[in-house]
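For reference, the structure is listed below as structure tokens.
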Amino acid sequence: MASHLPPRPTAQQNQADAGGMAVDEHHHYGPRGLKRWLLTTNHKEIGTLYLIFSLTMFFIGGIFAMVVRAELFQPGLQLVEPEFFNQMTTMHGLIMVFGAVMPAFVGLANWMVPLQIGAPDMALPRLNNFSFWLLPVAFALLLSTLVMPGGAPNFGWTFYAPLSTTYAPPSTTFFIFSLHLAGISSILGAINIIATILNLRAPGMRMMDMPLFVWTWLITAFLLIAVMPVLAGVITMMLLDINFGTSFFNAAGGGDPVLFQHLFWFFGHPEVYIMILPAFGIVSVIIPTFARKRLFGYASMVYATASIAILSFLVWAHHMFVVGLPLVAELFFMYSTMLIAVPTGVKVFNWITTLFRGSLTFEPPMLFALAFVVLFTIGGFSGLMLAISPADFQYHDTYFVVAHFHYVLVPGAVFAIMAAVYYWLPKWTGHYPHTRLSQWHFWLSVIGVNLTFFPMHFAGLAGMPRRIPDYALQFADFNMVTSIGAFIFGASQLLFVVVVVLCVRGGEKAPAKAWDGAEDLEWTVPSPAPLHTFETPPHFEPHRH
Amino acid sequence: MTEQRTDDTRKGVRRTVARTLVALAGMFVFAFALVPLYDVFCQVTGLNGKTSNQAEALVHEDADEGRMVTMQFITRGSPGLPWALEAHTRQVRVHPGQSSEVEFTFENLGDEISVARAVPSVTPSEASLHLRKLACFCFQNQRLAPGERFEAPLVFQLTRDLPDDIQTVTLVYTLYRQDAAPSPGSGKQVQGGDA
Ligand code: HEM
Ligand SMILES: [Cu+2]
Numbered sequence: 001m002a003s004h005l006p007p008r009p010t011a012q013q014n015q016a017d018a019g020g021m022a023v024d025e026h027h028h029y030g031p032r033g034l035k036r037w038l039l040t041t042n043h044k045e046i047g048t049l050y051l052i053f054s055l056t057m058f059f060i061g062g063i064f065a066m067v068v069r070a071e072l073f074q075p076g077l078q079l080v081e082p083e084f085f086n087q088m089t090t091m092h093g094l095i096m097v098f099g100a101v102m103p104a105f106v107g108l109a110n111w112m113v114p115l116q117i118g119a120p121d122m123a124l125p126r127l128n129n130f131s132f133w134l135l136p137v138a139f140a141l142l143l144s145t146l147v148m149p150g151g152a153p154n155f156g157w158t159f160y161a162p163l164s165t166t167y168a169p170p171s172t173t174f175f176i177f178s179l180h181l182a183g184i185s186s187i188l189g190a191i192n193i194i195a196t197i198l199n200l201r202a203p204g205m206r207m208m209d210m211p212l213f214v215w216t217w218l219i220t221a222f223l224l225i226a227v228m229p230v231l232a233g234v235i236t237m238m239l240l241d242i243n244f245g246t247s248f249f250n251a252a253g254g255g256d257p258v259l260f261q262h263l264f265w266f267f268g269h270p271e272v273y274i275m276i277l278p279a280f281g282i283v284s285v286i287i288p289t290f291a292r293k294r295l296f297g298y299a300s301m302v303y304a305t306a307s308i309a310i311l312s313f314l315v316w317a318h319h320m321f322v323v324g325l326p327l328v329a330e331l332f333f334m335y336s337t338m339l340i341a342v343p344t345g346v347k348v349f350n351w352i353t354t355l356f357r358g359s360l361t362f363e364p365p366m367l368f369a370l371a372f373v374v375l376f377t378i379g380g381f382s383g384l385m386l387a388i389s390p391a392d393f394q395y396h397d398t399y400f401v402v403a404h405f406h407y408v409l410v411p412g413a414v415f416a417i418m419a420a421v422y423y424w425l426p427k428w429t430g431h432y433p434h435t436r437l438s439q440w441h442f443w444l445s446v447i448g449v450n451l452t453f454f455p456m457h458f459a460g461l462a463g464m465p466r467r468i469p470d471y472a473l474q475f476a477d478f479n480m481v482t483s484i485g486a487f488i489f490g491a492s493q494l495l496f497v498v499v500v501v502l503c504v505r506g507g508e509k510a511p512a513k514a515w516d517g518a519e520d521l522e523w524t525v526p527s528p529a530p531l532h533t534f535e536t537p538p539h540f541e542p543h544r545h
Numbered sequence: 001m002t003e004q005r006t007d008d009t010r011k012g013v014r015r016t017v018a019r020t021l022v023a024l025a026g027m028f029v030f031a032f033a034l035v036p037l038y039d040v041f042c043q044v045t046g047l048n049g050k051t052s053n054q055a056e057a058l059v060h061e062d063a064d065e066g067r068m069v070t071m072q073f074i075t076r077g078s079p080g081l082p083w084a085l086e087a088h089t090r091q092v093r094v095h096p097g098q099s100s101e102v103e104f105t106f107e108n109l110g111d112e113i114s115v116a117r118a119v120p121s122v123t124p125s126e127a128s129l130h131l132r133k134l135a136c137f138c139f140q141n142q143r144l145a146p147g148e149r150f151e152a153p154l155v156f157q158l159t160r161d162l163p164d165d166i167q168t169v170t171l172v173y174t175l176y177r178q179d180a181a182p183s184p185g186s187g188k189q190v191q192g193g194d195a
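From first to last, the protein sequence lines are chains G and X. So the first sequence is numbered by full-length UniProt numbering: it starts at 1 and just counts up by one. So the second sequence is numbered by full-length UniProt numbering: it starts at 1 and just counts up by one.
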């Protein structure tokens, strides 16, 4: 496999050109050891912290998923109590969404946004430190609910009231508090990213010159600003219902549980785009690099991203087709949801057209990016099926929905994050990741992901409900395949850790411009990127778009 | 970096931060404003199947003899409340415009005094604007001693402007405890069955 890759740019070739940008690292006299990491305001160090945190959460959430899959390996109750099973599905979802995927993207933004726009750091470095350190606190608190009396949250990551209020375990108050902290962290991160992108671009770089990763993150940050306060509002109402006797969602007191779902999904649907837009950006940066062509349709990519973001506020009730919406609402949300497929299709079209007649090579980042395009599209199609409201009456709350959102989130968002890590590791560490091992990681992940999630479509269409610890016998084969796939996928992520650790410690040296076709500003600074870059703004020449 | 640029940048950053903070505060307020907006919206459109929580006056109109609508009554208990609620008649056929009366019986099967209320909900929700309750036990809490039975009438009218495509209206009463509400935090109560 490895032998088909082209020769890499040699180390001397670019490092020399880039030397001018390098800034003497030895003037960094800050604290050392633990305190250095605790107090750092450097965007690269904070980016690294975010990424390490995210990886840790990815494994913790992954272990919970393994518990779920082990229980579902066979019909019947074998390993865990149903109550604990519910805690596992809930904690898996919460940790993966708020602890793994979102912080990974924020970490990538911290590292790469300043480098891609030629800024010396984030606009608000101290705030940056604070928003990171909120996260370990939030998730330590969330994880601690597992050992509290009554157990951890058990009402699903969507925490529908009154299950999460009247009937919830006592730990719910801690869950609310931890979600508040995580939400504040995201909001602060978003403010910082917006302030950086709008104010710190290299002289001469217009908005329409920014790399797409920067663009998609800017739009994502606006989404965060718009919907995280709504999430904060909802969980505050829950807190009031639980502890102060209000009845926002309590029918007994005149409240309405359906209101909870409207509020939650008004946050929740844009939230799923928060988890995918930066992935679009990453893929739009990687594909042109390894196709050695300009991105096809740069401007349409920007507009498509913006339209997806705007439309995402008009479709929330596609999660609620079965709550008893009036006919006009069913129709409105059905068509508005299908409308989102149009800008999404534009993106897929542009990626494919960029690949068309490119000089393609299949380095690890490209492998993940290509798998993203194919597998994310499968998730998009199942989304379209779910958008057909009469069909959704059948599919809702079955494994078909689970298959849908895992296709868009795992080989979608997670693969994009991995593509980004492989793409930028040479910049971060100065070494290329081990090619052969990365390829093993890739292929095992692709096989594992498909074995895990593809059979879920069939189980769901055949009627298997989601969030159950036991199931009817006719679903046994699908579930066994799914569980085997999940174990393969889970285990192969250990390989990812091995690759990253090896790459940090050594490996083939990477030059400043580590990939032949890479064009953005980050490739003009040496590899590994010194702690301080672009203290004097670089000269930016708009040429590509 | 020149002094000029630093200054401009700093000002720009401050402006961006101020604007995002305003947007954040706005969205937080908006989230809470959605609650009354939702209630008003539902009251006007009847979309969440809620009915008025006070007695309404009879609309004097001739019964539409040519049309029959089925009115169904469903009663449900809730976990942690040992009460039974029964409709004497599960289903009545009425002409739109006509008023009818149905008896309900509450019974406390537990061994403590408790207070509860039957909360109504109408399906299809479009019918809720046309269902008028002239008398209903659901307007106030009931308090029952252990073993006590209590009969109460529902007097209602389906007005003649009930949309033509509605042939069946279902009125569900769910009993909710109103004194020591099931303490949040005893997750076990979910398992309790319906009455
Ligand atoms: C073409 C684009 C898409 C369409 C038409 C679509 C449509 C839908 C629909 C109709 C549902 C509700 C299914 C049900 O509960 O019955 C759903 C669920 C979901 N979608 Fe999508 N979707 C799309 C893309 C995405 C993307 C990009 C993501 C995230 C990256 C995503 C994440 C989710 C999640 C997490 C759920 C399930 C939430 C839950 O109930 O736990 N979807 N989607
Ligand atoms: Cu959605």
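Even glycine gets a Cβ: it sits at the ideal position worked out from N, Cα and C.
Report back the beta-carbon spacing between residue i and residue j to the nearest angstrom; my notes put them in contact at under 8 angstroms.
{"i": "residue 514/G", "j": "residue 426/G", "result": "4 angstroms"}
{"i": "residue 439/G", "j": "residue 364/G", "result": "7 angstroms"}
{"i": "residue 152/X", "j": "residue 113/X", "result": "Incorrect: roughly 18 angstroms between the Cβ atoms, too far for contact."}
{"i": "residue 460/G", "j": "residue 401/G", "result": "7 angstroms"}
{"i": "residue 241/G", "j": "residue 152/G", "result": "Residue 241/G to residue 152/G, Cβ: 20 angstroms. No contact."}
{"i": "residue 211/G", "j": "residue 520/G", "result": "5 angstroms"}
Classify residue i as buried or exposed, calling it buried when 16 or more other Cβ atoms lie within 10 Å of its own Cβ.
{"i": "residue 36/X", "result": "exposed"}
{"i": "residue 117/X", "result": "buried"}
{"i": "residue 53/X", "result": "exposed"}
{"i": "residue 177/X", "result": "buried"}
{"i": "residue 244/G", "result": "exposed"}
{"i": "residue 254/G", "result": "exposed"}
{"i": "residue 335/G", "result": "exposed"}
{"i": "residue 77/X", "result": "buried"}
{"i": "residue 11/X", "result": "exposed"}
{"i": "residue 510/G", "result": "buried"}
{"i": "residue 221/G", "result": "buried"}
{"i": "residue 149/G", "result": "exposed"}
So, helix, strand or coil for residue i, using DSSP?
{"i": "residue 21/G", "result": "Because the pLDDT at residue 21/G is just 45, under 50, the model does not fix this residue reliably, and the value given afterwards should be weighed accordingly. Three-state DSSP puts residue 21/G in a helix."}
{"i": "residue 179/X", "result": "coil"}
{"i": "residue 288/G", "result": "helix"}
{"i": "residue 2/X", "result": "Because residue 2/X sits at a pLDDT of 46, beneath the cut-off of 50, its placement in the model cannot be relied upon, and the following sentence gives the value as read from the coordinates. It is coil, neither helix nor strand."}
{"i": "residue 15/X", "result": "helix"}
{"i": "residue 315/G", "result": "coil"}
{"i": "residue 134/X", "result": "strand"}
{"i": "residue 210/X", "result": "Residue 210/X is absent from the structure shown; chain X starts at 1 and stops at 195."}
{"i": "residue 305/G", "result": "helix"}
{"i": "residue 94/X", "result": "strand"}
{"i": "residue 440/G", "result": "helix"}
{"i": "residue 217/G", "result": "helix"}
{"i": "residue 104/X", "result": "strand"}
{"i": "residue 483/G", "result": "helix"}
{"i": "residue 117/X", "result": "strand"}
{"i": "residue 382/G", "result": "helix"}
{"i": "residue 527/G", "result": "coil"}
I'd like to know whether the C-beta of residue i is nearer than 8 angstroms to at least one C-beta of chain A.
{"i": "residue 55/X", "result": "Absent from the structure is chain A; the protein chains it does hold are G and X."}
Please specify which runs of the beta strand (DSSP E), each continuous and at least 3 residues long, are wholly inside the region 143 to 173 of chain X, giving them in chain order. Listed in chain order, they are 149 to 158.
What are the start and end residues of each continuous beta strand (DSSP E) run of 3 or more residues lying completely inside the region 494 to 521 of chain G, in chain order? Runs of the beta strand (DSSP E) inside the region 494 to 521 of chain G: none found.
Threshold first: 4 residues or longer. Then list the alpha helix (DSSP H) segments lying entirely within the region 102 to 153 of chain G, N to C. 102 to 117, 125 to 144
On the three-pair Cβ rule with 8 angstroms, is the region 211 to 218 of chain G touching the region 140 to 153 of chain G? With a cut-off of 8 angstroms, the region 140 to 153 of chain G and the region 211 to 218 of chain G do not count as touching, because too few Cβ pairs lie within range.
Three Cβ pairs or more, each shorter than 8 angstroms: is that satisfied between the region 365 to 379 of chain G and the region 324 to 337 of chain G? no
Please determine if the region 452 to 466 of chain G and the region 427 to 441 of chain G are in contact, where contact requires at least 3 C-beta pairs separated by less than 8 angstroms. no
Counting pairs of Cβ atoms below 8 angstroms between the region 392 to 400 of chain G and the region 348 to 364 of chain G, do you hit three or more? no
Could you pull out every unbroken alpha helix (DSSP H) segment of at least 4 residues lying fully inside the region 387 to 434 of chain G, listed in chain order? Here the runs fully enclosed are 389 to 395, 399 to 408, 415 to 429.
Meets three-Cβ-pair contact criterion under 8 angstroms: the region 376 to 390 of chain G and the region 441 to 448 of chain G: no
Given 8 angstroms, three or more beta-carbon pairs between the region 42 to 58 of chain G and the region 70 to 80 of chain G: The answer is no - the region 70 to 80 of chain G does not touch the region 42 to 58 of chain G, with fewer than three Cβ pairs under 8 angstroms.
Is the region 291 to 307 of chain G touching the region 247 to 267 of chain G, taking contact as three or more C-beta pairs under 8 angstroms? no
How about the region 120 to 127 of chain G and the region 289 to 296 of chain G: do they share at least three Cβ pairs that are nearer than 8 angstroms? no
Any 3 or more C-beta pairs closer than 8 angstroms across the region 169 to 176 of chain G and the region 222 to 241 of chain G: yes
Complete runs of the alpha helix (DSSP H) confined to the region 152 to 202 of chain G [at least 4 residues]: 172 to 199
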